[in-house]
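Here the structure is laid out as structure tokens; the discussion comes afterwards.
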Amino acid sequence: MKSFCETHILAFLKAWNHTSPLDQSLSTYFRAHKSLGSHDRKEIGEAIYTLIRWKSLFDNLDPSGSNSLRLHLLGLHPIEQWVNDPSIPEYARLGLSEFLFEKITAVYGSKAKTIAGILNSPATVTIRTNLLKTTREKLLKLLLEKKFTVQPSTKTETAIYFSKREPLFALPEFKDGLFEVQDEGSQILANLVEAKSGDRVMDYCSGSGGKSLAIAPKMAGKGELYLHDIRAHALKEAGVRLRRAGIQNAQVLISGHPTLKKLLGKMDWVLADVPCSGTGTLRRNPDMKWKIDAEMIERLVLEQRTIFEQAVRYAKDGAKIVYATCSILPEENENQVAYFLSHLPLTVEKELKLLPEIGGSDGFYGVVFKKSKIE
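Just add 25 to wherever you are in the sequence shown, counting from 1, and you've got my numbering.
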């Protein structure tokens, strides 16, 4: 490995505060060092992601925590050699914390090793066609003409896979709103909301609007789509994305917005994509692996219940409510469904379980509830 790249790898790791997501922090670093070429960025990024993905392995190899020594170890042998060393604890050879190893093994048994391997692999690059502006066939043709290696998903009518990372945000097709970057599993999850023209839909934990952008084309510009979140910066980004996508029947509502009270009991569909451990998407956010513990899960379970109970209030009698996470842990999924059924006037209509796949989707969980009429 070039000493030039080593210098930047060590500088980034020293400056990184671990509170900001790894991908965002690395993007910020690259923007601040514009002299770095694409090859150097690739080499630097891959080394940093490997060190973070396999932190528990390197913790065993180097208890001192020296980034310089760990980078040296990374250069000595391929990860596979360390992974196959039986003297290293199994959880470390799988690139998991002891807590996550025990959790995933308890739920998935022999599948745990496969899941761990997938979570330590590069994430699939997938986009979602904006059906308000084009068709997947037309978009595929445009991308193939630009010599990209792409293929359509067989699981949705909107997803397109790229064979490798590409400068997608610089493409005119992106700037014109023909597509958004979105995991296939996230698109499948959004399809649980079977909204139609004229419906009223509430995306209660919308973030920057990824699921709303996928739902909107079904409404064909008619009806009302509301995006709610407590994070003003996320809603600001959602507004930008909605405009780029050409969605005109949507409104963003920050907490405390006067319109929120008027919408109680009025929605045909409510989506509650709640905050979760993100255990289904750890290959995109490997730094999150080392933050997940029992205390975090307990806190999230309570938070999810509070948010979902608030979201249900917006559904009218007979309406559908979708509970969704990007977790693969039952505490946040099946156990929560059992709790909701025992505490709220709901019945289950459909359940979706997606485990992360090599070359495919991340892990997601979703349930469609129907709100019963209270006599």
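For every residue, glycine included, the Cβ atom is placed at its ideal position computed from N, Cα and C.
With distances taken Cα to Cα, identify the nearest neighbour of residue i among the options.
i: Val-175; options: Gly-271, Leu-165, Thr-183; result: Leu-165
i: Pro-300; options: Gly-62, Ile-272, Gly-384, Arg-330; result: Arg-330
i: Gly-235; options: Gly-248, Glu-262, Lys-247; result: Glu-262
i: Val-226; options: His-368, Leu-285, Glu-182; result: Leu-285
i: Gly-290; options: Thr-306, Arg-266, Ile-255, Ile-346; result: Ile-346
i: Ala-241; options: Arg-266, Leu-260, Asp-254, Val-373; result: Arg-266
i: Ser-28; options: Gly-142, Leu-96, Asp-87; result: Leu-96
i: Val-132; options: Ala-184, Asp-228, Ser-352; result: Ser-352
i: Gly-391; options: Gly-232, Val-295, Leu-94; result: Val-295
i: Ile-213; options: Gly-232, Ala-184, Gly-343; result: Ala-184
Would you identify the three-state DSSP class for residue i, choosing helix, strand or coil?
i: Phe-194; result: helix
i: Gln-276; result: strand
i: Lys-138; result: helix
i: Arg-225; result: strand
i: Pro-218; result: Note that residue 218 is Val in the sequence shown, not Pro. Looking at Val-218 - three-state DSSP - the assignment turns out to be coil, as it is neither helix nor strand.
i: Arg-338; result: coil
i: Leu-167; result: helix
i: Trp-294; result: strand
i: Gln-207; result: coil
i: Gly-343; result: strand
i: His-368; result: helix
i: Gly-391; result: strand
i: His-253; result: strand
i: Leu-379; result: strand
i: Thr-149; result: coil
i: Thr-154; result: strand
For residue i, does the count of other Cβ atoms within 10 angstroms reach 16, so buried, or fall short, so exposed?
i: Phe-37; result: buried
i: Gly-223; result: exposed
i: Asn-360; result: exposed
i: Ala-257; result: exposed
i: Leu-327; result: exposed
i: Arg-190; result: exposed
i: Thr-32; result: exposed
i: Ser-45; result: exposed
i: Lys-39; result: exposed
i: Asn-145; result: buried
i: Pro-111; result: exposed
Should residue i be flagged as near chain D, meaning a C-beta pair shorter than 9 Å?
i: Lys-378; result: Within the model displayed, chain D is absent; a lone protein chain is all it includes.
Roughly how far, in whole angstroms, is the beta-carbon of residue i from the beta-carbon of residue j, given that I think they are within contact range, below 8 Å?
i: Pro-355; j: Ile-140; result: That belief does not hold up - the Cβ atoms of Pro-355 and Ile-140 are roughly 14 Å apart, past 8 Å.
i: Lys-136; j: Leu-119; result: Rounded, the Cβ-Cβ distance is 12 Å, inconsistent with contact.
i: Asp-48; j: Gly-210; result: Their Cβ separation, rounded to whole angstroms, is 18 Å, which puts Asp-48 and Gly-210 out of contact at 8 Å.
i: Lys-375; j: Val-393; result: 4 Å
i: Pro-177; j: Arg-161; result: 6 Å
i: Asn-274; j: Gly-202; result: Rounded, the Cβ-Cβ distance is 15 Å, inconsistent with contact.
i: Ser-357; j: Leu-325; result: Reading off the sequence shown, one finds Glu at residue 357, where the question assumed Ser. That belief holds up - the Cβ atoms of Glu-357 and Leu-325 are roughly 6 Å apart, short of 8 Å.
- Query: Counting pairs of Cβ atoms below 8 Å between the segment 260-278 and the segment 294-311, do you hit three or more?
  - Reply: no
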